[in-house]
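Residue numbers (my numbering): 112 to 281.
Each residue gets a CB set at the ideal place from its N, CA and C atoms; glycine is no exception.
It should be emphasised that the depicted structure is a prediction, and the values quoted were computed from it without experimental measurement.
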């Protein structure tokens, strides 16, 4: 049964004049939280074999800090995941092939919207409530998917839990 991890990037530096949004890097606390998020996911026994990562600097940094907690995974850095919506994420997921566990490292509000869209019967109520309020930086929603990636659509899985790497010191 496929597993999907929807991870929001760690806390980024504040916007600054002359700095494009997609070029914003992680703040120190975001780097620490990203590393810890990878460790938390691995301790939960979840190991992605495919990483679909937004082309933004902060999402790429988040993945690079998470990745050492796992066995090597195929990586795809995709412009299609930057400033996308639920349909855009689903299009990318449908191209995941035979991957068992996929992590999408992206942005809000899209990550929580995708989790809510895919969460069907049997989803954890507490996790659903957390997703309804949006995924904070450095957190991930984990879903078990009931169909092959090519058939991913509304209510096709169960939201199991939301994991966090946020309890780190600055």
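| Item | Value |
| --- | --- |
| Using only alpha-carbon positions, find the residue among 192, 211, 220 that is nearest to residue 164. | 192 |
| Whole angstroms are fine: how far does the CA of residue 129 sit from the CA of residue 235? | 43 Å |
| Quick one: grab the DSSP three-state call for residue 222. | helix |
| Among residues of its own chain, excluding the 5 on either side of residue 261, which ones have a beta-carbon nearer than 6 Å to its beta-carbon? | 205 |
| Within the same chain, show all residues whose beta-carbon is closer than 8 Å to that of residue 142, passing over the 5 residues directly before and after it, in chain order. | 121, 172, 176 |
| Residue 215 lies in the beta strand (DSSP E); which residues open and close that run? | 212-217 |
| Can you give me the start and stop residues for the alpha helix (DSSP H) that residue 178 sits inside? | Residue 178 -> no alpha helix (DSSP H), and no H or E assigned at all. |
| Residues in the same chain with beta-carbon distance under 6 Å from residue 253, minus the five sequence neighbours each way, listed in chain order, please. | 116, 271, 272 |
| Suppose you measure from the CA of residue 153 to the CA of residue 159; what does that come to, to the nearest Å? | 9 Å |
| Note the first and the last residue of the continuous alpha helix (DSSP H) segment covering residue 241. | 236-243 |
| When the Cα of residue 185 is compared with those of 119, 219, 213, which residue comes out closest? | 213 |
| With distances taken Cα to Cα, identify the nearest neighbour of residue 277 among 168, 155, 125, 247. | 247 |
| State the Cα-Cα distance for the pair residue 169 and residue 189, rounded to the nearest angstrom. | 13 Å |
| Using the beta-carbon count (16 or more within 10 Å), is residue 266 buried or exposed? | exposed |
| For residue 131 and residue 119, I'd like the C-alpha separation in whole angstroms. | 19 Å |
| Using the Cβ count rule (16 or more neighbours within 10 Å means buried), how would you classify residue 145? | buried |
| Taking the C-alpha atoms as reference points, what is the distance between residue 123 and residue 162? | 20 Å |
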